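These notes concern the structure reproduced below.
Protein chains: 2
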Amino acid sequence: MWELLHTNFSRHVSLTDHEFAIVQSLFRERKYRKKQYILQEGEINRLETFIVKGCTRTYEVDNNGQEHILQFGIEDWWVGDLYSFFTETASRFNIDCIEDCEVLQINKENLEVLYKMVPKMERYFRIMIQNAFNAAQHRILHTMSKPAAERYKDFISKYPQIEQRVPDHQIASFLGIAPQSLSRIRKSK
Amino acid sequence: MWELLHTNFSRHVSLTDHEFAIVQSLFRERKYRKKQYILQEGEINRLETFIVKGCTRTYEVDNNGQEHILQFGIEDWWVGDLYSFFTETASRFNIDCIEDCEVLQINKENLEVLYKMVPKMERYFRIMIQNAFNAAQHRILHTMSKPAAERYKDFISKYPQIEQRVPDHQIASFLGIAPQSLSRIRKSK
Numbered sequence: 028m029w030e031l032l033h034t035n036f037s038r039h040v041s042l043t044d045h046e047f048a049i050v051q052s053l054f055r056e057r058k059y060r061k062k063q064y065i066l067q068e069g070e071i072n073r074l075e076t077f078i079v080k081g082c083t084r085t086y087e088v089d090n091n092g093q094e095h096i097l098q099f100g101i102e103d104w105w106v107g108d109l110y111s112f113f114t115e116t117a118s119r120f121n122i123d124c125i126e127d128c129e130v131l132q133i134n135k136e137n138l139e140v141l142y143k144m145v146p147k148m149e150r151y152f153r154i155m156i157q158n159a160f161n162a163a164q165h166r167i168l169h170t171m172s173k174p175a176a177e178r179y180k181d182f183i184s185k186y187p188q189i190e191q192r193v194p195d196h197q198i199a200s201f202l203g204i205a206p207q208s209l210s211r212i213r214k215s216k
Numbered sequence: 028m029w030e031l032l033h034t035n036f037s038r039h040v041s042l043t044d045h046e047f048a049i050v051q052s053l054f055r056e057r058k059y060r061k062k063q064y065i066l067q068e069g070e071i072n073r074l075e076t077f078i079v080k081g082c083t084r085t086y087e088v089d090n091n092g093q094e095h096i097l098q099f100g101i102e103d104w105w106v107g108d109l110y111s112f113f114t115e116t117a118s119r120f121n122i123d124c125i126e127d128c129e130v131l132q133i134n135k136e137n138l139e140v141l142y143k144m145v146p147k148m149e150r151y152f153r154i155m156i157q158n159a160f161n162a163a164q165h166r167i168l169h170t171m172s173k174p175a176a177e178r179y180k181d182f183i184s185k186y187p188q189i190e191q192r193v194p195d196h197q198i199a200s201f202l203g204i205a206p207q208s209l210s211r212i213r214k215s216k
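Protein chains in written order, with our numbering: chain A, 28 to 216; chain B, 28 to 216.
Following this line, the structure appears as C-alpha cells:
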C-alpha cells in the first residue's frame with residue numbers, strides 16, 4: 028500500500044524512515060468501488076488523493092449536461108482539484124472511479140502539519156504541481172494546434188495503459204471530439 | 028520598481044524588511060525593448076521574470092511556421108517556462124515583448140538561495156504555480172467545450188487591459204481561431 032507513495036516521493040525528495048513514518052501517520056487509506064465519487068462538483072475538495080490501484084476520471088459537466096474529461100488517473104498519480112483544495116472553494120469538477128480504487132489521502136490540515144514537520148515536502152508538492160502545470164500547457168497547445176488524429180496518436184503513445192482501461196466514448200471526451208470521429212480516426216490508422 | 032513585487036508577495040506571504048532586502052539582493056532589474064526576446068525556443072529558461080511594466084507574449088511556433096500563443100503577460104504577472112526553468116531542459120516556447128518592458132528576474136541558483144534563506148518563499152512559488160495550473164485547466168476545458176464567440180467574451184471580460192494592448196491577430200492566435208473569425212465575432216456582438 029505505502030511502497031508506491033514512498034517511491035513516488037523518493038523521485039524528488041529523500042525521506043528518512045522517521046520522516047516517512049510521519050507521512051504514514053498523516054495520510055489515510057481508503058477504497059472506492061467502481062462508479063463511486065471521490066469528489067462531486069459544488070463540494071470543496073478536502074483531500075488530495077494518491078492512486079495506489081485503479082483508474083479515475085476528472086470531468087466537468089456543462090450546462091447542456093455534456094461531460095468534458097480533463098484528466099484520467101491511474102496508479103502512481105495524484106488526483107484532486109488543487110485549486111479547490113488550497114483555496115477551499117467549491118469545485119467545478121467531478122472525480123469518479125472507472126475501476127475499483129485503492130487510494131491514500133491527506134487533508135489540508137494534515138498537509139500543513141506535514142509541511143511543518145517535514146519542510147522538504149513543500150518542495151515535493153511544488154514539483155508535482157509544476158509537472159501538472161507543464162502537462163496542462165502542452166495540452167492547451169495540442170488542442171489548439173493539432174488535428175484530432177494527431178492528438179489521438181499522442182494520447183496512445185503517451186498513455187498506452189489508459190487507452191486499454193477506459194471506454195471509447197470517454198477517450199473521445201478527453202480528446203474533445205465526437206465518439207464517431209474517434210472510430211473514424213482508428214479505422215484510418 | 029520593487030513595490031509591485033513586494034505587494035505581489037504580500038498577497039501570499041508576509042515578509043520582514045530584512046527578508047525583502049534578501050529578495051532584492053537576489054533579483055536583478057532589466058529592460059527589454061519592444062520585439063526583444065526574453066526567451067527563445069531551444070534555450071534553457073534560466074530566469075523567472077516578473078513584469079513591472081510592459082506586455083509580453085509566450086508562444087510556440089509549429090512545424091508549418093504558425094504561431095500559437097499560450098499566454099500574454101502584463102504588469103504584476105510572472106512569465107517564463109517553468110518546466111524548462113526547473114528541469115533545465117530546452118524550452119519549446121518563445122517569449123517576446125509586445126511593448127517596451129521593465130522586469131525583475133531571478134535565476135535558479137539565486138532562487139535556491141532564497142528558498143534556503145527565506146523558506147516561506149517556497150510556499151509563495153507553490154501558490155503561484157498552483158494558480159497558473161488552475162488557469163491552464165480552465166483554459167483546456169474552455170477550448171474544448173465552448174464556441175469561439177464565448178471564449179472571446181470570456182477573454183475580454185477577464186483581461187480587458189490586454190485586449191487594448193495586443194494586436195488582433197495575436198488575440199485570434201491566443202483563442203485558437205483565424206483572424207477573420209475574430210472580426211466576425213466582434214461584428215456580431
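C-beta: ideal position from N, C-alpha, C; glycine also.
Quick caveat, the model's predicted, so the values are computed rather than measured.
Handout entry: Cβ contact check for the region 56-65 of chain B and the region 119-128 of chain B: 3 or more pairs under 8 Å
Key = A contact exists between the region 56-65 of chain B and the region 119-128 of chain B.
Handout entry: Glu46/A: first and last residue of the uninterrupted alpha helix (DSSP H) it sits in
Key = As a working note, residue 46/A is residue 19 in the first sequence. For Glu46/A, the uninterrupted alpha helix (DSSP H) run begins and ends at 44-53, by DSSP.
Problem - Among Ser37/A, Lys58/A, Arg150/A, nearest to Met28/A - alpha-carbon criterion - result: Position 1 of the first sequence, counted from the first residue, corresponds to residue 28/A. Closest option to Met28/A, Cα to Cα, is Lys58/A.
Handout entry: 8 Å Cβ cutoff met for Gln157/A and Ile156/B
Key = Residue numbering aside, residue 157/A sits at position 130 when the first sequence is read from its first letter. Residue numbering aside, residue 156/B sits at position 129 when the second sequence is read from its first letter. Contact check for Gln157/A against Ile156/B passes: the beta carbons are separated by less than 8 Å.
Practice task
Grab me the residues of Lys173/B's own chain with a C-beta within less than 8 Å of its C-beta, minus the 5 sequence neighbours each way, in chain order.
Solution key: Taking the first residue of the second sequence as position 1, residue 173/B is located at position 146. Leaving aside the five residues that flank Lys173/B on each side, the residues in its chain whose CB is nearer than 8 Å to its CB run, in chain order, Asp181.
Exercise for the section: Return helix, strand or coil for Phe201/A, following the three-state DSSP convention. Expected result: Your numbering for residue 201/A matches position 174 in the first sequence. Correct three-state label for Phe201/A: helix.
Problem - Selection of the region 161-183 of chain A by Cβ proximity to chain B, strictly under 7 Å - result: Result list: Asn161, Ala163, Gln164, Arg166, Ile167, Leu168, Thr170, Met171, Ser172.
Exercise for the section: Using a cut-off of 7 Å between C-beta atoms, extract the partners of Glu149/B located in chain A. Expected result: Walking along the second sequence from the start, residue 149/B turns up at place 122. By Cβ distance, chain A contributes Glu149, Arg150, Arg153.
Problem - Endpoints, beta strand (DSSP E) assigned at Ile167/B - result: On the second sequence, residue 167/B is found 140 positions in, with the first residue counted as 1. The continuous stretches of beta strand (DSSP E) do not include Ile167/B, which lies in the alpha helix (DSSP H) extending over residues 147-172.
Practice task
Could you tell me if Ser210/B is buried or exposed, where buried requires 16 or more neighbouring beta carbons within 10 angstroms of its beta carbon?
Solution key: Taking the first residue of the second sequence as position 1, residue 210/B is located at position 183. Only exposed fits Ser210/B, as fewer than 16 other CB atoms lie within 10 angstroms of its CB.
Problem - Near-chain B residues of the region 68-99 of chain A - C-beta to any C-beta below 7 Å - result: Those residues of the region 68-99 of chain A that come within reach of chain B (Cβ to Cβ, closer than 7 Å) are Glu87, Asp89, His95, Leu97.
Practice task
Go through its chain and collect everything with a Cβ distance to Ala176/A's Cβ below 8 Å, but skip five positions before and after it.
Solution key: By one-based count along the first sequence, residue 176/A stands at place 149. In its chain, beyond the 5 residues on either side, Ile212, Ser215 have a beta carbon closer than 8 Å to the beta carbon of Ala176/A.
Exercise for the section: Over the uninterrupted alpha helix (DSSP H) stretch that includes Tyr110/A, give me the two end residues. Expected result: As a working mapping, residue 110/A is identified with position 83 in the first sequence. Run containing Tyr110/A: 109-114, per the alpha helix (DSSP H) assignment.
Exercise for the section: Determine, using beta carbons only, whether Gln132/B and Glu46/B come nearer to each other than 8 Å. Expected result: Here residue 132/B is taken as the residue at index 105 of the second sequence, counted from 1. Here residue 46/B is taken as the residue at index 19 of the second sequence, counted from 1. No, the Cβ-Cβ distance between Gln132/B and Glu46/B is not below 8 Å.
Problem - Integer Cβ distance of Glu102/B from Lys135/B, believed to fall under 8 Å - result: Looking up residue 102/B in the second sequence gives position 75. Looking up residue 135/B in the second sequence gives position 108. At roughly 24 Å, the Cβ-Cβ gap does not stay under 8 Å, so Glu102/B and Lys135/B are not in contact.
Handout entry: N-terminal and C-terminal residue of the beta strand (DSSP E) that Tyr64/A is part of
Key = Here residue 64/A refers to the residue found at position 37 of the first sequence. Element bounds for Tyr64/A: 64-66.
Problem - For Gln191/A, the three-state DSSP class (helix, strand or coil) - result: Position 164 of the first sequence holds residue 191/A. The answer is coil: DSSP assigns Gln191/A none of H, G, I, E or B.
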